[in-house]
Each structure stands twice: as C-alpha cells, then as structure tokens.
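Down below is the structure, laid out as structure tokens.
Chains as they are written, first to last, in my numbering: chain H, 1431 to 1714; chain V, 0 to 286; chain A, 161 to 430.
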C-alpha cells in the first residue's frame, strides 16, 4: 500500500521577488508503506526542500503531497497532525535540544500531541531504548551528553511521536566512523521492528548502499531516478555526470568491468565484492 | 628532512585537580618534519584535537615539552612567534570568520601582526589566489558554500605566511564537493608552497593522501607510518574501531583467503589493477 | 522567512559614493538627519528629497533594494503617518466624534512619512556602500577622542564588526531551529500572547547555546590569528580623505545652506 504519494510537486522560493528560485520542479513518485528509501543529490539539488514539503513545513507552489491517499494540505489548520505522522529529523538535530532533562526533551513532541502522561512515559522510554540511550541518561541535562549521545536524544525526540514515516536529513553528518555505524544500525533496527517507512537523506553513498531498498536521485530540483539501490548504483556513469559518486567498492567493480572482467557492477558492500571476485578467480 | 615540531613525552590533563588517570594525552612522542603532510586519525575522544591545540600553544603540556622550530610552546614571550609559524583551522567554517567581507577577513591576522598596509594587500591577494577564492574577495561570507568558507578560513591563515597549518577536522561539516575542494587546496599548499600540513580527520580517504599517518587511541599513539604501511593492518585498526578504505579491506580479505595480492593498496584504481593482474596471471597459467 | 531581512547589507561597487571615506559618509549622514528634521516647508523638504534620490541614483544600486529597506519599518511609517493625520490644527476637513482630519494634520503626516522614509533610505546608502569593516573602522576613528574618557573605542568597534558578521548567521540558525521545533509539533502561530511567548522558549534556548558555542570558537580562531586588542594593529585598507570627500562635503554644505535659506525665505508650514 502506498503511504506517500507526490504529484507534480513544484516549489518556488521568494515568489514575485528578485530572488525567485525554483527549488523543485515537477516531481512525482510513490513510496510504499514499510520501505527504506535513500535520497541522494548534491547540495542545492532540492532534496532538503523536498523533505520539508513532505511533512508540511513548506507548502507546495504547485502539485500535491498525499499521505495515505489524502492531500496533506486539505485542512491547512490541521497541518500539525501531519507533522506528527511524518516525523522529521533535521541535520545536526542536537542543536534543537532545549529542556532541562533528556527525558523532558524527548517528551516535547508527544506532549505537543496531547497524549496522556503514562502514554508519554512509555513512548519516551521506548524511543530512548531504540536510539541506545541508557535509562540513567534520561534524567541528565541534554547538554551533559557527548556529541553522539546528544544526536541520539534528538532523534529519540522524533521517534517518540511514533510517526508513520520517519525522515532523517544527514543523520550521520560529523560523526566518526564508529558513531556513524552505530547510529545507522539503530535506525535499521528501528525500521525492522516498527516496520514503518524511513527516508534517509545522505551524502554518504556507503551509508545509503548499506541500508536502503530504493534510492531517489535528485538533481537541479528534478527527479533523476527512483529505483532499487543496486540498480541505481550500477549506473555509475550517470551518477557521476550529475556530480555524485558511487561507493568505492562499486567503483572497483566498475573499473574491473572496464578491463573486460565480467563482474556484477551492482555490488554495494565489501562482503559482496569479496564473494564476487572469489567466484571469478575460482572459475579461472 | 629538517625537524620542525618536536613533541616530547607530552601528558595533558584538562582538569589539574582531577584524578591522576584522567589524562587526555598520555605520553605522546612525535616529530614532524618541515614540509611534511601528516594525517592524525582516531575516533572522537582519542585526543587528536587536544594534540592539535598544543601545536600552536593554545594548550601547553601538563608535563613534557613541545618545540616549534626550536621555540618551546611554554615560552609565553614568544607566543605570537609560534602562532605566526603554526596556523590552526577549525572544524566549523562559519565560526572562524571575523569580518563581513572575504578579503577583510583574510587580512585580519596580518593586521594583528602590525604588517604595513601595502604588504597586507599583496599577501591577502596571494592567499586568496592560493585557495582559489580571489574572485570572491568582495563577497560576504554568508553567501558562500561550506567548502568556500573553509577555504577563506585557510586563506586567513596563509596570509600570515605560516610554515605549518594544522587543520582540525576541516571537512567534517562539508558536503562531498566541499570536502574535495578543501582537500585539493591542502594538498596543493603542501606541494607548491612547501607548507607543513597536520590534518586531523576521521575520513580515511583523506588520510590516504598524506605522507605519514598517525593513528591515535585513548590519548596515545597506536601506530605511525606511511598510508601503505598503516592501512593494511586492518585487524588492528578494526580492533580500535577505525575504518579502512574499502579497497584496502577488499584486498585484505582476498589475501586472507589465500590470494596473492600486494599489500599497500589504498584506492579503487590500484585495487582494480591488482585484481585484474591476478586474474590475468591465472588465465595465462591455465592456458 | 526571517533571513529575508536585509540588515545593513553591504553591496560591493565602484560608484563615487562607494569610494568616499567612511568617516565622511558617517558625518554627512548625521548632518543630513539633523537637516531633514529642520525642513520647515515643502520647498526645503523637496530639495532634501531630490538630493536623496540623486545620491541613491549615484550608488548604482537598484532602487528596489532601497524600497526593501523600507519594508522592515513600513508598519512604523504607516502608523505614525496615520496618527499624525488626526493630530494637528487648521481647517477641519472631516470629523467623526473626537477624531478630526485637518489640513495641518495632513501636512504633518506628509512630513513625517517623507522624513522617516528618507532617513531610512539615506541611512541604507551608508550601509549599502560601506563595507562593515570600513564602517566600524570609520566609527573607531571618529570616536578616537573619546579614549581620553577611558571609552574602549577599539573594543566597541570590534564588537560591532562581529555583531554585523554574525547577525545573518544567527538569523538563519533561528529559522532552522524554528523549523525543527515545528516538526516536533511546536505551535508558534496561534494562541494568546503568553502562550506565544512561552512557545519561543524552545527556540531561544538552543539559539543561546549555539551563540555561546560560536563565541567560544570565534575567540579561539581570533587567538590563533594573534589578536591582541587594538595594540600595534595596522589596517589593510587605510581610510583617507580625498578630493571626492571634500567635493561631497562642499555639495552638502550648499544643500544645507539652501535648506536654511528656504526656511528663512518661505513661510513655515509645520
């Protein structure tokens, strides 16, 4: 069943001013419930505008965003309800922490939803567990946490709203490899357990390759591709044309193919690459 | 190569009253040569940024000594001499730009040093050209991309004509394009102007570009050597929760499975060449 | 959006006005402000208005930008204008209860609106054509005599430079934080005053935290670049008065003279 549907979406910043700029132009696609989608494109490709349109922070200039088949702007007064259903984690979300304790900060979203005390409590604890925060950290001030933990607390604040669709904009930016890996694993776990839809915006092709089912490629405000992850990365030359690159392992496969070795260029991880090359070597 | 910075058995404690085992640096010994490009890697909290801030005397060792071109960093009277020789570029490009116009920001350091106006002008122009930002000299920093801002910050250091630039995770907040811009600039400054570069990073594909890699873990130096010597030690690096380039890891796994491949492979091109070579050899052997 | 505000934004250029010394521009602006309030009749106001338009034209910056600078204070202009209509004496043109529109009121309103608009636009001439560094440098030098009263002139100027640099950065940050909190269901658009003020807390706290973090970083960066207060500091761009500045001063003296003359010669209407 489709959860998000985007129809001929267009968005123009600063309409009727000297600074008018089309950030998004005639974008249409459908996302099925339970999918893990990656969104890639370089800075200024329109991907940040797109995700803000999906949860009603921006209103389309033209076109519609449908959530469960209904236009999210059907009742503009009720747009907040949409933001609870389409949870959005911004870049460097740790900078939005403000409460006295981690617990209260995670509870901010559920509190705005008007939930009951015990329901909030349950959600806060669950969300904290999902992101790997320890029970005793809930009573700390968010400003006492380490950088990586702050980020987890901020993400927990959105997860606690139990959104049907979770959007993460560059969740691993600025983390070290260890933190990056751990956070991605948490997100993958969350996706598996809750079985809801996750949209991951990232510059890191390795991250996208590791976790997503399908990838949406954006360039100059337009949709370039939306296809299975391996299918997208096997089109390395097309990606490079718009200034994107493929994971190093995929690139190696690509180079081998250019040398006339019959390898599968849709390889996304080192493990797969290893198996592929062993297969070829042992067939010689 | 002439020695430029000598780090001699340095221990550093943030809070002097804290328990004696809470050292951020625990006995660092390291010598940096003039004109060298050194990358310092390690995960967050390993002490790499603390070490960086020691190199221009923002921090001084609790015990042990650091000398920059023969000057001890504890020598308060020669503080500006040290900072003139060793410039520091920080992670967030936005927070290190002082003035509202690119060229005026680049001039800031020179103005502080009391250099005559005409000379500042020529130094600023040269610095902006060196980072390829001359065309933007009259722009406001707000309108620039992250990579451009970071290059302006680097120009601000270059205008002071330092012998060494320390960069503390300069690309952590940038997109891939910005990262490329900054890395190309750094490599060029090292090659063409002979400036010593100390790059603190956790991106291994950046560390690969250096002459020497220093791996740090919990306040000590774990490993040092050329990239080709360091990265093939996949097992050790993984134990210390560090990444290796995918090319290096693939070769490592293939070697582990008994295939005869060279060890020091660092990038996609070398990796593909090595594997293709092996397949070629096997084919030839069979025929 | 918050970041649409053009706050003292410098627009590089090579016009005659751009080339003038920041100190001269500042002094002439101050004199201009005094004289725009000294205009007592339409002729002197017209002289000032025509002069202002001429200066704006000479900067070679699009007139739209100046209109944009007005947009920020449009409410103030309209409000004071409307209030002035009902305040004044003379022939009553229209009356309802205690409210009277008089000829005097209309004239007052016209003067107030033109004065504020001119004031804003000509002030923009200064900020649009003078780089922030030149501007603060100019102020630092103009205020130099104050150092004998132990006023920390250099520090004040440096604070202004940094403030001008970081205002846009913090505005953008405010925008981002507001969006992030809105995404968590924060309601900032509805409710009574107390509720709205309360709704700002989730925005203000992160903003302060971020401002302090930035300040810490900036202090480190300035230390790394050997900042040591104003001592022995040189400047890349040395302000110097040139023929252009003397010319501009002469023109302004003529202008102000003609304002005084028309005030004396023609009857005052206000």
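Note that CB positions come from ideal geometry on N, CA and C, so glycine has one too.
Could you round the C-beta distance between residue i and residue j to whole angstroms and report it? I think they count as a contact, below 8 Å.
i: residue 1676(H); j: residue 1635(H); result: 6 Å
i: residue 1458(H); j: residue 1436(H); result: 6 Å
i: residue 85(V); j: residue 67(V); result: 6 Å
i: residue 1629(H); j: residue 342(A); result: Rounded, the Cβ-Cβ distance is 18 Å, inconsistent with contact.
i: residue 317(A); j: residue 299(A); result: 6 Å
i: residue 55(V); j: residue 87(V); result: 5 Å
i: residue 169(V); j: residue 83(V); result: Actually they do not touch by this definition, with Cβ atoms about 20 Å apart.
i: residue 1704(H); j: residue 260(V); result: Not really, about 12 Å apart at Cβ, beyond 8 Å.
i: residue 354(A); j: residue 338(A); result: Contact flag wrong, Cβ pair sits at about 19 Å.
Express the C-alpha separation of residue j and residue i in angstroms, rounding to a whole number.
i: residue 1618(H); j: residue 1641(H); result: 7 Å
i: residue 199(A); j: residue 405(A); result: 25 Å
i: residue 49(V); j: residue 230(V); result: 23 Å
i: residue 384(A); j: residue 322(A); result: 16 Å
i: residue 166(A); j: residue 174(A); result: Because residue 166(A) carries a pLDDT of 48, less than 50, the predicted location of this residue cannot be relied on, and no value is offered for it.
i: residue 1523(H); j: residue 277(V); result: 47 Å
i: residue 162(A); j: residue 349(A); result: Residue placement at residue 162(A) cannot be trusted, given a pLDDT of 44 that sits under 50; what the coordinates show is reported in the next sentence. The straight-line gap from Cα to Cα measures roughly 14 Å.
i: residue 235(V); j: residue 1671(H); result: 38 Å
i: residue 47(V); j: residue 203(V); result: 15 Å
i: residue 1577(H); j: residue 1610(H); result: 12 Å
i: residue 371(A); j: residue 256(A); result: 52 Å
i: residue 261(A); j: residue 244(A); result: 9 Å
i: residue 9(V); j: residue 217(V); result: 14 Å
i: residue 1562(H); j: residue 329(A); result: 33 Å
i: residue 164(A); j: residue 1470(H); result: With a pLDDT of 47 at residue 164(A), under the threshold of 50, the modelled position of that residue is not reliable, and no figure is offered here.
i: residue 204(A); j: residue 197(A); result: 10 Å
Check residue i in the structure and name its three-state DSSP category.
i: residue 8(V); result: strand
i: residue 261(A); result: strand
i: residue 222(A); result: coil
i: residue 372(A); result: helix
i: residue 58(V); result: coil
i: residue 230(V); result: coil
i: residue 1437(H); result: strand
i: residue 1646(H); result: strand
i: residue 199(A); result: coil
i: residue 1652(H); result: strand
i: residue 163(V); result: strand
i: residue 1432(H); result: strand
i: residue 1478(H); result: helix
i: residue 252(A); result: strand
i: residue 143(V); result: coil
i: residue 112(V); result: coil
i: residue 1518(H); result: strand
i: residue 197(V); result: strand
i: residue 1504(H); result: coil
Thinking C-beta only, is residue j closer than 8 Å to residue i?
i: residue 215(A); j: residue 177(A); result: yes
i: residue 90(V); j: residue 171(V); result: yes
i: residue 278(A); j: residue 208(A); result: yes
i: residue 275(V); j: residue 1686(H); result: yes
i: residue 137(V); j: residue 102(V); result: yes
i: residue 1461(H); j: residue 1433(H); result: yes
i: residue 1608(H); j: residue 240(V); result: yes
i: residue 1660(H); j: residue 1632(H); result: no
i: residue 119(V); j: residue 110(V); result: yes
i: residue 1599(H); j: residue 1521(H); result: yes
i: residue 51(V); j: residue 209(V); result: no
i: residue 214(V); j: residue 40(V); result: yes
i: residue 382(A); j: residue 123(V); result: no
i: residue 135(V); j: residue 147(V); result: yes
i: residue 12(V); j: residue 61(V); result: yes
Beta carbons nearer than 7 Å to chain H: which residues of the stretch 161-180 of chain V have them? Taking 7 Å as the Cβ-Cβ cut-off against chain H, the residues of the stretch 161-180 of chain V that qualify are 171, 172, 174, 175 and 176.
Mind listing which residues of the stretch 333-345 of chain A have their C-beta closer than 9 Å to chain H's C-betas, in chain order? Going along the stretch 333-345 of chain A in chain order, one finds 333, 336, 337, 339, 340, 341, 342, 343, 344 and 345 with a Cβ nearer than 9 Å to chain H.
If you measure beta-carbon to beta-carbon, which residues of the stretch 211-226 of chain V are closer than 7 Å to chain A? Those residues of the stretch 211-226 of chain V placed with their C-beta closer than 7 Å to a C-beta in chain A do not exist.
Residues from the stretch 1528-1549 of chain H in contact with chain A, defined by Cβ distance under 7 Å: Cβ contacts with chain A come from 1528, 1538, 1539, 1542 and 1543.
Under 8 Å, CB to CB, which of the residues in the stretch 87-110 of chain V have a partner in chain A? Taking 8 Å as the Cβ-Cβ cut-off against chain A, the residues of the stretch 87-110 of chain V that qualify are 87, 89, 91, 93, 94, 95, 96, 97, 98, 99, 100, 102, 103, 106, 107, 108, 109 and 110.
Return the residues of the stretch 1580-1603 of chain H that lie within a Cβ-Cβ distance of less than 8 Å from chain A, sorted by chain order. Of all residues in the stretch 1580-1603 of chain H, 1587, 1588 and 1591 have a Cβ within less than 8 Å of some Cβ in chain A.
What residues in the stretch 64-83 of chain V have a beta carbon less than 9 Å from any beta carbon of chain A? Residues of the stretch 64-83 of chain V with a Cβ closer than 9 Å to any Cβ of chain A, in chain order: 78, 79, 82 and 83.
Proximal residues, the stretch 368-394 of chain A versus chain V, C-beta separation under 7 Å: If the cut-off is 7 Å between Cβ atoms, the stretch 368-394 of chain A has 374, 377, 378, 380, 381, 382, 383, 384, 385, 386, 387, 388, 392, 393 and 394 near chain V.
If contact means a Cβ-Cβ distance below 7 Å, which residues of the stretch 1510-1521 of chain H contact chain A? Under the 7 Å Cβ criterion, the stretch 1510-1521 of chain H contributes 1510, 1513, 1514, 1518 and 1520.
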